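Asks: Handing you a structure now.
In the working numbering, the protein residues as written are 110 to 468.
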């Protein structure tokens with residue numbers, strides 16, 4: 110009887126040991142998979158949730174506007190439209206990053222969500238998707254085009270749509286010095302047919318592209334998943350997203366834009382290069398500078414002088430975004446954030462009653 114009990118205990122111990130070893134092996138292999146980036150899935154443009162607005166809602170908007178105009182001593186033939194020409198989805202690296210639960214984000218918002226939000230929440234008349242060119246791939250660009258077409262297809266009567274959707278991209282240039290910094294530009298196309306759109310988004314050179322193309326994995330280390338394991342899939346997915354940015358080969362800079370293959374990564378170093386490359390594709394889009402005040406990526410003492418030279422095609426920039434989270438470009442301030450010294454180095458100005466320099 111004793112021998113039988115000993116054998117049973119031995120068998121039980123072996124089973125428990127086997128289970129423990131199996132769990133250790135499974136966990137070990139799973140961790141290896143994390144570090145080999147095996148679990149990430151490619152996110153798409155999402156699915157638009159519903160159709161366009163009911164005609165009576167559009168009529169009600171028009172009636173409300175006309176009633177307001179009727180109370181004013183103004184010409185009521187003019188119509189003011191409201192829109193948003195600077196919109197990012199989680200096809201943009203910054204938007205994807207800040208959507209992470211670990212950063213307090215609410216989750217991934219694809220382009221389809223932007224369409225639904227513009228139509229049903231903001232209630233605006235027009236909008237444009239302007240995801241960063243530096244993070245756009247051939248597949249993302251193709252999905253972006255289709256999503257915008259789907260959004261417009263729900264707009265109802267073409268002669269009186271509930272909303273108009275435009276396609277664009279953001280040229281996100283960052284220079285390390287005032288002399289090399291040109292800032293960001295939203296490039297927006299009027300139509301949605303392939304011949305009316307860029308073959309591929311045109312990225313900027315410099316710091317933004319260097320970071321996104323060659324150092325993007327540092328933005329979301331593999332170890333992050335262990336800090337929020339419950340939401341692990343979204344961290345796997347963003348690493349997949351970041352890896353895909355660097356997969357496209359660089360375009361040959363010596364070739365005109367219209368002679369390049371669709372799947373290469375095209376760069377324009379300056380606003381002049383950007384305009385020229387768009388022109389080579391017979392395109393003349395709306396280009397809107399933004400983020401022009403001092404901020405996270407704009408060097409001290411940056412000015413507009415170099416961008417107002419004829420060679421930079423300032424006539425192409427018919428609008429400018431004057432205020433956003435990047436800062437306010439409209440407000441005049443009689444103080445500086447830094448003062449150039451005689452040796453060429455920047456010096457910190459004295460604090461005033463209304464301003465304390467960050468330096």
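We put the beta carbon where it would ideally sit given N, CA and C, even for glycine. It should be emphasised that the depicted structure is a prediction, and the values quoted were computed from it without experimental measurement.
1. Leaving out five residues before and five after residue 365 in sequence, what residues of the same chain have Cβ atoms less than 7 Å from its Cβ?
2. For residue 149, tell me which candidate among 350, 240, 308, 158 has the shortest Cα-Cα distance.
3. Output the distance between the C-alpha atoms of residue 125 and residue 133, rounded to the nearest integer angstrom.
4. Residue 418 by DSSP, collapsed to three states: which one?
5. Can you tell me whether residue 129 is buried or exposed? The criterion is at least 16 other CB atoms within 10 Å of its CB, across all chains shown.
6. Report buried or exposed for residue 222, applying the criterion of at least 16 other Cβ atoms within 10 angstroms of its Cβ.
7. Consult DSSP for residue 235 and reduce its assignment to one of helix, strand or coil.
8. What span of residues does the alpha helix (DSSP H) with residue 191 cover, start to end?
9. From what residue to what residue does the alpha helix (DSSP H) around residue 345 run?
10. Could you tell me the alpha carbon to alpha carbon distance between residue 127 and residue 345, rounded to whole angstroms?
11. So which of 194, 266, 171, 146 has the shortest CA-CA distance to residue 433?
12. Which whole runs of the beta strand (DSSP E) in the segment 264-301 are 3 residues long or more, in chain order?
13. Anyone know if the C-beta pair for residue 383 and residue 311 falls short of 8 Å?
14. So, helix, strand or coil for residue 338, using DSSP?
15. Please classify residue 135: does DSSP put it in a helix, a strand, or coil?
16. Determine the contact status of residue 321 and residue 354, defining contact as a CB-CB distance below 8 Å.
17. With H, G and I counted as helix, E and B as strand and the rest as coil, what does DSSP make of residue 410?
18. Could you check the C-alpha separation between residue 224 and residue 218 for me, to the nearest Å?
19. I need the boundaries of the alpha helix (DSSP H) containing residue 220, first residue and last residue.
20. Taking three-plus beta-carbon pairs below 8 Å as touching, is the segment 169-186 in contact with the segment 366-373?
Replies: The relevant details are as follows:
1. Excluding positions up to five away in sequence, the list reads 389.
2. Sorting 350, 240, 308, 158 by C-alpha distance to the C-alpha of residue 149 places 350 at the top.
3. Each residue's alpha carbon lies about 12 Å from the other.
4. Three-state DSSP puts residue 418 in coil, outside helix and strand.
5. Burial check for residue 129: the Cβ neighbour count within 10 Å stays below 16, so the residue is exposed.
6. With 16 or more other CB atoms across the displayed protein chains lying within 10 angstroms of its CB, residue 222 is buried.
7. In the structure shown, residue 235 sits in a strand (DSSP, three-state: E or B).
8. It is not in any alpha helix (DSSP H) - residue 191 carries neither H nor E in the DSSP assignment.
9. Note, residue 345: alpha helix (DSSP H), 341-354.
10. Going from the Cα of residue 127 to the Cα of residue 345 covers about 30 Å.
11. Among 194, 266, 171, 146, the Cα nearest to that of residue 433 is on 194.
12. The qualifying runs are 273-281, 293-298.
13. Yes, Cβ-Cβ distance for residue 383 and residue 311 is below 8 Å.
14. Correct three-state label for residue 338: helix.
15. Residue 135: helix per DSSP, three-state reduction.
16. Yes, they are a contact pair.
17. Correct three-state label for residue 410: coil.
18. The straight-line gap from Cα to Cα measures roughly 10 Å.
19. Its alpha helix (DSSP H) spans residues 220-225.
20. The segment 366-373 and the segment 169-186 do not touch, with fewer than three beta-carbon pairs separated by less than 8 Å.
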